[in-house]
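Peer 1: In UniProt numbering, the protein residues as written are 1 to 901.
Glycine residues also receive a C-beta, built at the ideal position from the N, C-alpha and C atoms.
Given the structure is predicted, the values throughout are model-derived calculations rather than measurements.
Pasting in a structure now, in structure tokens, and then I'll have a few things to ask.
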Amino acid sequence: MLRFHVISNVKAAEAYYRKTDGGAYYANNELRQEWLGRGAEELGLSGAPDFEHFTRLIRGLDPHTGAQLTAKLVDHRIPAWDVTASIPKGATIALERGDESVRDALWQAVRETVADLERYATTRVRKGDQQGDRVTGNLVGFAVEHAETRPAKGDGMPDPDRHVHVVLFNLTYDPTEREWKAVKFRPIMDQRRYFDRSFDARFARKLADLGYGIETKYKADGKGGRRYFSWDIAGMPASLVAKFSRRTAEVEQLAADLGVSDPRSKDKLGATSRRNKRADLTLEACRAYWDQKVNPEEARQVAATLQAAVGGENPAPENTLEKAVAYAIAHHFERNSVVDWHTLAATALERGLGAAVPEDIEPEARRQGVLIRGGEATTREVLAEEQRIIGFARAGRGVYKSLGAAREPSDAERAGLSADQRAVVRHVWACPDQVILIEGDAGTGKTDAMRVTIPGLDKPGVFLAPSASASRGTLREKGFANADTVARFLVDKPFRERARDGYIYVDEAPLTGLRDIDAVFRHAADLNARVILQGDRKQHKSVPRGNLFEILDRYAGLPVGRLTTNWRQQHEMYKTAVDAIAAGKLLAGYDALAGLGWVKQTSTDERHESLVADYLAALDAGKSVLVVAPTHAEGDELTAQLRTRLKERGDIDGHEHVVEQLLPLNWTEAEKGDRARYDGTEVLQFQRSSGPYRAGERARAGDERGGRTAPDPRYFSVYRRDALALARGDVVRITANGKDTSGRHKLDNGSQYTVAGFTPKGDIALTNGWVLGRDFGHLAHGYVTTSHASQGRTVDRVLIAMGAASRPAVSAEQFYVSVSRGRERATIYTDLAPAALRDVIQRRDARKSATELMGVPARPPKARVRTFMARVREVLAQLREKAARAIGEAILAPQREYHVR
């Protein structure tokens, strides 16, 4: 584990590193200290440090002369950073029980990690009116080994914990300007997860080379699943590891008591709650204390683990470089077209502990198809997918007859349409392209334009949307009876056939991932169908990788039918605010809302109370109302308060029934296929048959690991079990597609119903007469939604919670979607300061495409070229036919005229 801490106080640092706690660190030859880094070599520093050199360097002075070393020594400068390299508890136990090779491995890993950090050492360049940065490639490091933790509660004694402090001074040599300068440490801090995993990988590989077994450790991620936590030597007794981890347990308990879950916050908590080291203890006294805590059975197990390593009895690591890199690629590129290279590499290092080191990752990644440019990565597969999409759209330019009547909308059709809506109707009717784009801002009447567009088309077609609620719900409610999901279109051949020689109309298209769009385009080619894509790129993008409209608009050169006239907001200033946000003027829109008094900044408690009061007032006024929260956590808090007030009013019955709830873990396919990630309590539900499992079947993860064939992760979702309290009058939201107990009624993900009561068996009766099984599971309270789930909805009033705890989830897209849902009013309730709120609403989901990263021009794929040429031949044949008819008409016309006479 590698942890970074800023050293801000020179005197405190000197006092700490001068200490002789733990048995005179600097006088004790057993606990090492070294100069590290190319910068130290440049200064002529090597071997065991002289502490006087340390005191000068931390002040920015020459270690030999005491003269000022850098050109500038500004006040309040950061003098240094402490980079602490800690090893797992099992490795510490192995070292303390006699394996000195573990210490050598530790120091080798530390030296290599400092060399890794040096490759990112940077300094600012300001001479000659330059405003840039330069990589210097050198640092000055002072490294010292420590053997124990801070004292624990109870007996006040420390536990064994071998670690190395590396003090990196704020100094680097600029070889171009030939002078010592301050370090720009931000490039290193930005990649601290990568460096942490790099140190772990280096040390784990060295222990594996020594013969130790390596096991990866997971911990709860706070969302019902598990995530990578750490690693250790396999075979060490868990009881002994727990005995020697009291300080960790103390911090975890304190964090739990305070509700702290973020790793960085826990680090700060550990620093602020630690006790001073005892000056009266020697390392020998500590070891005597540690030895007496080891019982005979634990000693036997430790000895057996050490002997197995020496004797080469442990199997090779299950992790391999190839598998580790393949997992990282599958995991990250399922939802991103471009990822930060270091993020990808860090995941691969987690997966390859004991088998891979940092320098192995890039060659293997390139072998598996990763393309790297400027610190970012994509894959050949992702790039090819985008190229197929772009190529299909480009090849279909101008080669089709018009889809509809080449005319203006009639007076009846024009009624109630804006000028841009009429233009969009004409655009779809007359466009000769195979792919047709329609982009409309929130509230601009995209569906109204569709209602006029569709009757004018002289071809058959299907209507699709990314979700069941948007397709079978919203679209069908608005008159498009054969609307369904993109997922159904891809698997249901008879349904696809409805679009043959016609069109495929995809609403909310930016929410559809590129992999699905690629498949839709392939089917469109087979069906000779046109594809009409409609949506708003400024709203949320798809969860799977995708940046559809940007790719087609930028690289395919398609004309776009645009809707900009806002019909939704009825309040003029409200409309002005939404229009400004839609135009990218986020702060102007925010200021307009604030000017209306619709931004309420209060404490957390008052914020929720105010929102609840406004919600009840809207209900009493007969208004439709939507409550939006950036995160599920804040939504749950609001739901609890809303239900309490609704019970007090009698809107909800006070007598509750508890039913099973299945909460989606939203794992990627790579995560679902990682058997080590499961703790055995998860529920697998199959959307499609896979191996011994049938569509609709559920299985416990523990049962699945008990011998049945591992299912294909593409065909199931993973949930954790929970309980949901419901009462008569509750509003519930469906969270996954299903059916009621009769099997006759479909339940669409995202649709909402009201609870009428409960059957004697405990099933849930709805006010529409349907009944849900008590074990249906895919239910949530329907009072609060996220902005993602609210996209496409329209209500009278929208109430938006933007609490400080939800700050990471607030973005420009979240702000735009949430604010634009209302007809009459949008109110924001926040405990963020105005400056902070104004800052977070400007953050954008700036996804980059693989095509943009690699700068590759799109080319139509060969198969598409053949289709294009076939279409050209068809058009030429049509022209020849028209010409023949015209010639025939010219020949026959005089004869007709003669006979008439």
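1) For residue 537 and residue 464, I'd like the C-alpha separation in whole angstroms.
2) On the DSSP letters alone, give me the boundaries of the beta strand (DSSP E) that residue 796 sits inside.
3) On the CB-based measure, 16 or more other CB atoms within 10 Å of its CB, does residue 229 come out buried or exposed?
4) Counting pairs of Cβ atoms below 8 Å between the region 93 to 106 and the region 191 to 207, do you hit three or more?
5) Just to check my reading of the structure: residue 629 and residue 801 have Cβ atoms closer than 8 Å, yes? What is that Cβ distance to the nearest angstrom?
6) Go ahead and label residue 183 buried or exposed: buried means 16 or more other beta carbons lie within 10 angstroms of its beta carbon, across all protein chains shown.
7) I need the boundaries of the alpha helix (DSSP H) containing residue 770, first residue and last residue.
8) Could you tell me the alpha carbon to alpha carbon distance between residue 550 and residue 528, rounded to whole angstroms?
9) For residue 460 versus residue 498, is the C-beta spacing smaller than 8 Å?
10) Assuming residue 698 is part of the alpha helix (DSSP H), what are its boundary residues?
11) Could you give the C-beta distance for residue 517 and residue 490, rounded to a whole number, given that I count them as a contact under 8 Å?
12) Within the continuous alpha helix (DSSP H) that includes residue 166, where are the two ends?
13) Hey, would you say the C-beta of residue 652 is under 7 Å away from at least one heavy atom of the ligand MN?
14) Return yes when the Cβ of residue 151 is within less than 8 Å of the Cβ of residue 158, no when it is not.
15) Distance check for residue 785 and residue 693, CA to CA, integer angstroms please.
16) To test your reading of the DSSP string, which unbroken beta strand (DSSP E) runs of 3 or more residues are found completely within the region 784 to 845?
17) Look at residue 347 and residue 853 and say whether their C-beta atoms are less than 8 Å apart.
18) Going by C-alpha to C-alpha distance, which of 825, 355, 168 and 97 sits closest to residue 594?
19) According to the Cβ coordinates, are residue 169 and residue 80 closer than 8 Å?
20) If we count the other Cβ atoms within 10 Å of its Cβ and call it buried at 16 or more, is residue 902 buried or exposed?
21) If you draw a straight line from the C-alpha of residue 89 to the C-alpha of residue 119, how long is it?
22) To which residues of the same chain is residue 580 closer than 7 Å at the C-beta, ignoring the five residues directly before and after it?
23) Output the distance between the C-alpha atoms of residue 141 and residue 821, rounded to the nearest integer angstrom.
24) Are at least three pairs of beta-carbons, each pair with one atom in the region 657 to 677 and one in the region 323 to 338, less than 8 Å apart?
25) Less than 8 Å between the CB atoms is what I'm expecting for residue 133 and residue 122, so what's the real figure, rounded?
26) For the alpha helix (DSSP H) containing residue 723, list its first residue and its last residue.
27) For residue 780, which of helix, strand or coil comes out of DSSP?
28) Can you tell which of 8, 388, 753 and 743 has its C-alpha closest to the C-alpha of residue 728?
29) Note down the Cα distance separating residue 5 from residue 779, rounded to an integer number of angstroms.
30) Three or more C-beta pairs closer than 8 Å, one from the region 639 to 652 and one from the region 673 to 684: is that the case here?
31) Which same chain residues, not among the five before or five after residue 372, have their C-beta less than 6 Å away from its C-beta?
32) Can you tell me where the beta strand (DSSP E) holding residue 147 begins and where it ends?
33) Under the assumption that residue 546 contacts residue 439 (Cβ atoms under 8 Å), give the Cβ distance between them as a whole number of angstroms.
34) Secondary structure at residue 10, three-state DSSP: helix, strand or coil?
35) If you measure between the beta carbons of residue 83 and residue 166, is that distance less than 8 Å?
36) By the three-class DSSP mapping on this structure, what secondary structure does residue 496 have?
Peer 2: Inspection of the coordinates gives the following:
1) Position 537 of the sequence shown, counting from 1, holds the residue named residue 537. Position 464 of the sequence shown, counting from 1, holds the residue named residue 464. Roughly 17 Å separates the two Cα atoms.
2) Numbered from its first residue, the sequence shown carries residue 796 at position 796. First-last of the beta strand (DSSP E) with residue 796: 795 to 802.
3) Residue 229 sits at position 229 when you count from the first residue of the sequence shown. By the neighbour-count rule (16 or more Cβ atoms within 10 Å), residue 229 is not buried but exposed.
4) yes
5) The count along the sequence shown starts at 1 and reaches residue 629 at position 629. The count along the sequence shown starts at 1 and reaches residue 801 at position 801. Rounded, the Cβ-Cβ distance is 4 Å, consistent with contact.
6) On the sequence shown, residue 183 is found 183 positions in, with the first residue counted as 1. Its Cβ being crowded by 16 or more others within 10 Å, residue 183 is buried.
7) Locating residue 770 in the sequence shown gives position 770, counting from the first residue. Per DSSP, residue 770 is not a residue of any alpha helix (DSSP H), being assigned neither H nor E.
8) To locate residue 550, count along the sequence shown from 1; it is residue 550. To locate residue 528, count along the sequence shown from 1; it is residue 528. Approximately 25 Å between the Cα atoms of the pair.
9) The residue you call residue 460 lines up with position 460 of the sequence shown. The residue you call residue 498 lines up with position 498 of the sequence shown. Against a cut-off of 8 Å, the Cβ pair of residue 498 and residue 460 comes out as a contact.
10) Residue numbering aside, residue 698 sits at position 698 when the sequence shown is read from its first letter. Counting along the chain, residue 698 falls outside any alpha helix (DSSP H), though it belongs to the beta strand (DSSP E) covering 698 to 700.
11) On the sequence shown, residue 517 is found 517 positions in, with the first residue counted as 1. On the sequence shown, residue 490 is found 490 positions in, with the first residue counted as 1. Rounded, the Cβ-Cβ distance is 10 Å, inconsistent with contact.
12) For the purposes of this step, residue 166 is taken as the residue at position 166 of the sequence shown. Where residue 166 is concerned, there is no enclosing alpha helix (DSSP H), although the beta strand (DSSP E) it sits in stretches over 160 to 169.
13) The ligand MN is not part of this structure, which contains no ligands at all.
14) By one-based count along the sequence shown, residue 158 stands at place 158. By one-based count along the sequence shown, residue 151 stands at place 151. Taking 8 Å as the Cβ cut-off, residue 158 and residue 151 qualify as a contacting pair.
15) Taking the sequence shown and counting its residues from 1, the one referred to as residue 693 is at position 693. Taking the sequence shown and counting its residues from 1, the one referred to as residue 785 is at position 785. Approximately 33 Å between the Cα atoms of the pair.
16) 795 to 802 and 822 to 830
17) Taking the first residue of the sequence shown as 1, we reach residue 347 at position 347. Taking the first residue of the sequence shown as 1, we reach residue 853 at position 853. Taking 8 Å as the Cβ cut-off, residue 347 and residue 853 do not qualify as a contacting pair.
18) Position 594 of the sequence shown, counted from the start, is the residue given in the question as residue 594. It is 825 whose Cα lies nearest to the Cα of residue 594.
19) Taking the sequence shown and counting its residues from 1, the one referred to as residue 169 is at position 169. Taking the sequence shown and counting its residues from 1, the one referred to as residue 80 is at position 80. The Cβ atoms of residue 169 and residue 80 sit closer than 8 Å to each other.
20) Only positions 1 to 901 of the chain appear in the structure, and residue 902 is not among them; the question remains open.
21) Position 89 of the sequence shown, counted from the start, is the residue given in the question as residue 89. Position 119 of the sequence shown, counted from the start, is the residue given in the question as residue 119. Answer to the nearest angstrom: the Cα atoms are 30 Å apart.
22) The residue you call residue 580 lines up with position 580 of the sequence shown. Answer for residue 580: 588, 589 and 592, listed in chain order.
23) Against the sequence shown, residue 141 aligns to sequence position 141. Against the sequence shown, residue 821 aligns to sequence position 821. Their backbone Cα atoms lie some 56 Å apart in a straight line.
24) yes
25) Counting from 1 along the sequence shown, the entry for residue 133 is found at position 133. Counting from 1 along the sequence shown, the entry for residue 122 is found at position 122. About 5 Å separates the Cβ atoms of residue 133 and residue 122, confirming a contact at the 8 Å cut-off.
26) What you label residue 723 is simply residue 723 of the sequence shown in a count that begins at 1. Taken as a continuous stretch (DSSP letters only), residue 723 belongs to no alpha helix (DSSP H), being part of the beta strand (DSSP E) at 716 to 726.
27) In the sequence shown, the residue the question calls residue 780 occupies position 780. Taken through DSSP and simplified to helix, strand or coil, residue 780 comes out as strand.
28) The sequence position of residue 728 within the sequence shown is 728, counting from 1. Closest in C-alpha terms to residue 728, from the list 8, 388, 753 and 743, comes 753.
29) Along the sequence shown, read from residue 1 onward, the residue named residue 5 stands at position 5. Along the sequence shown, read from residue 1 onward, the residue named residue 779 stands at position 779. C-alpha separation (whole angstroms): 44 Å.
30) No, because fewer than three Cβ pairs between the region 639 to 652 and the region 673 to 684 fall closer than 8 Å, the two stretches do not touch.
31) Here residue 372 is taken as the residue at index 372 of the sequence shown, counted from 1. Contacts found: 341.
32) Your numbering for residue 147 matches position 147 in the sequence shown. Note, residue 147: beta strand (DSSP E), 141 to 148.
33) Position 546 of the sequence shown, counted from the first residue, corresponds to residue 546. Position 439 of the sequence shown, counted from the first residue, corresponds to residue 439. No, residue 546 and residue 439 are not in contact; Cβ-Cβ is about 15 Å, not under 8 Å.
34) As a position in the sequence shown, residue 10 is number 10, starting the count at 1. In the structure shown, residue 10 sits in a helix (DSSP, three-state: H, G or I).
35) Position 83 of the sequence shown, counted from the first residue, corresponds to residue 83. Position 166 of the sequence shown, counted from the first residue, corresponds to residue 166. Yes, these two residues count as a Cβ contact at 8 Å.
36) The residue labelled residue 496 in the question sits at position 496 within the sequence shown. Helix at residue 496.
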